[in-house]
Structures are given as structure tokens and as C-alpha cells.
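So the sequence shown is numbered by our numbering: it starts at 1 and just counts up by one.
Idealized CB from N, CA, C, for every residue including glycine.
Working notes for the structure below.
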Amino acid sequence: MPQCPVCNSAVSLETTPTVPFCSDRCRLIDLGRWLEEGYSVPHVARDDDEEGEEGLVELPGFGFDEDGDEG
Ligand SMILES: [Zn+2]
1 MPQCPVCNSA VSLETTPTVP FCSDRCRLID LGRWLEEGYS VPHVARDDDE
51 EGEEGLVELP GFGFDEDGDE G
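Here it is as C-alpha cells:
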């Protein structure tokens with residue numbers, strides 16, 4: 001008899017609709033783990049290039065704060 005990969009309890013292939021998990025709860029737990037692994041994938045490094053407006057120079061003390069938080 002196979003075992004639930006989450007809680008290692010015995011799983012009946014015939015009577016358990018959530019095979020290979022012993023229960024729907026364990027199935028969700030395993031799904032959550034998969035999602036967490038997906039989130040941990042590093043993002044693709046993005047070039048810090050700004051297209052257009054090449055002639056525009058940034059004036060010091062202009063008063064703009066792009067990193068400022070709104071609200
Ligand atoms: Zn389980």
C-alpha cells in the first residue's frame with residue numbers, strides 16, 4: 001500500500017479519491033509546496049536601460065522622487 005507523501009500515512013488506492021494523498025488536505029499541502037518552489041525561482045535579471053528620451057538629462061534638485069511611496 002502506498003504512503004501519503006505528505007504525512008506518510010497509508011493510502012488505499014481503491015477507497016481514497018485523493019490518491020496518492022491520504023486526504024484533500026494533504027493534497028493541498030503538497031500543492032502549496034509546489035507553488036512555493038515556483039515562487040523561489042529567481043527572476044530574470046533585467047537590464048536597467050531606459051528607452052526613449054535620451055536627450056533628457058536629470059536635473060539635480062528637480063524635486064522628483066521616483067522611489068517615493070504614494071498614498
Ligand atoms: Zn496525508
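Query raised in the report: Just reading off the alpha helix (DSSP H) that Asp30 is part of, what are its end residues?
Result: 24-39
Requested in this report: Whole angstroms is fine: what's the gap from Ile91's alpha carbon to Met1's?
Outcome: Residue coverage of the chain in this structure runs from 1 to 71, which leaves residue 91 outside it and unanswerable.
Report task. Report yes if the C-beta of Ser12 is less than 6 Å from at least one heavy atom of ligand 1; otherwise report no. Result -> no
Query raised in the report: For Arg27 versus Thr18, is the C-beta spacing smaller than 7 Å?
Result: yes
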